[in-house]
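To start, the structure under review is shown below, and the notes come after it.
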Amino acid sequence: MTRSKKPSAPHGQPPAPAKGHSPSHRESRGDRPAGRGAQGVLLYGLHPVSAAWLNPERRIHRLIATEAGRAALEPVLAQAKARGLQRPGLMPADRNDLDRMLPPGAVHQGVALDVAPLEEVGVEDLCAEADSDPSALIVVLDQVTDPHNVGAILRSASAFGAKAVVVTERHAPETTGVLAKSASGALESVPLVRVTNLARALADLQQAGFWTVGLAESGKSTLAQCNLTGRTALVLGAEGAGLRRLTMERCDVIARLPTQGPVGSLNVSNAAAVALYEVARLR
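Sequential numbering from 0 applies to the sequence shown in numbering that gives the first Met the number 0.
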């Protein structure tokens, strides 16, 4: 996915907001500094840190690692050097240092990365790229607020070839280390696209040729009975509340997963993984 380009800043410095404009949503809310002394967002854990380190679009301020963490990252550091990526030096730390910098209970595996926000991607970018991809697949989330769920959905989206995950501007988690850890590196390859008006975003996707399929237990057809060979947007709602009425009305079709037994519903991240697999299987 090509990200919308903005004026670049000197390496290691956060971009300055354009004159006369306030900072973007990601810079002002989603990627606000986290942890003591952080310039941007602190990613942690071997998979998120490795993926960000090897992502040429990711600007990195600092790499903080214990001796064991540095040893585990050696192959990744060597790959980045072989690719000619410009990266800062390592800042040594002990486990207690990382524990103090990161959220309580963070499983950091001895590594943390202070990074700048990735470039924004908009729905218009998804629509433009879909022109050359007749089978483009994206996931749309209607007010899913748990960062663990959104992160897990990003991971499944990456595994099954989805181009992006679309979330609402409000009632969606910030782009934090918790979300990135749950995504296990997928945040670097699958854009998280924020939209102000989900109904309008669905209309834009439909105009670009996407068949929008809402998932709900009330669906008359199963997902397997839908034609999912063309451009497809899978639309999932929050646990409990599900899809909002207006969102359901905007979808081309409402389908269900054929669950059964005493527990008839799935966690939203599990439902997304099953739905993405079903689309892949039917193609």
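Here a beta-carbon is modelled for each residue, glycine too, at the ideal position from N, C-alpha and C.
- In this structure Val267 is not in contact with Cys250, their Cβ atoms being roughly 16 Å apart against a cut-off of 8 Å.
- Note: Asp113 is bridge-paired with Leu41, Arg61 in the DSSP secondary-structure output.
- When DSSP states are grouped into helix, strand and coil, Arg169 belongs to the coil group.
- In this structure Glu216 does not touch Val194 by the C-beta definition: roughly 25 Å separates them, more than the 8 Å allowed.
- Going by beta carbons, Val110 and Leu140 fall outside the 8 Å limit.
- At a Cβ-Cβ threshold of 8 Å, Met90 and Arg61 count as neighbours.
- Our two residues, Gln38 and Ile253, have alpha carbons roughly 44 Å apart in a direct line.
- Taking the Cβ atoms as the reference, Ala51 lies roughly 7 Å from Ile59, within the contact range of under 8 Å.
- Secondary structure note for Val75: it is in no beta strand (DSSP E), and the uninterrupted alpha helix (DSSP H) holding it is 66 to 81.
- Rounded to the nearest angstrom, the gap between the Cα atoms of Gly213 and Leu178 is 24 Å.
- For the pair Val278 and Leu136, the CB atoms are nearer than the 8 Å cut-off.
- Boundaries of the alpha helix (DSSP H) around Leu197: 197 to 206.
- For Leu233, the enclosing beta strand (DSSP E) has its first and last residue at 231 to 236.
- In summary, Gly218 is buried, with 16 or more beta-carbon neighbours lying within 10 Å of its beta-carbon over all protein chains present.
- Asn269 and Ala81 have their C-alpha atoms spaced approximately 37 Å apart.
- Segment contact: the region 125 to 136 against the region 100 to 107, fewer than three CB-CB distances shorter than 8 Å; contact not assigned.
- Distances from the CA of Phe209 to each of Gly229, Val164, Val120 were compared; the closest alpha carbon is that of Gly229.
- Residue Leu125 holds the alpha-carbon nearest to the alpha-carbon of Lys162 among Thr174, Leu125, Leu222.
- Take Ala272, set aside five residues on each side of it, and the residues of its chain with a beta-carbon closer than 6 Å to its own are Ser155, in chain order.
- Assigned with DSSP and collapsed to three states, Ala254 falls in strand.
- Ranked by how close their Cα comes to the Cα of His147, the residues Ala198, Ala182, Asp113, Val114 have Ala182 in first place.
- The C-beta distance from Val122 to Val192 rounds to 6 Å, short enough to meet the 8 Å contact threshold.
- Taking 4 residues as the shortest admissible run, the region 118 to 158 contains the following complete alpha helix (DSSP H) segments, listed from N- to C-terminal end: 122 to 129, 146 to 158.
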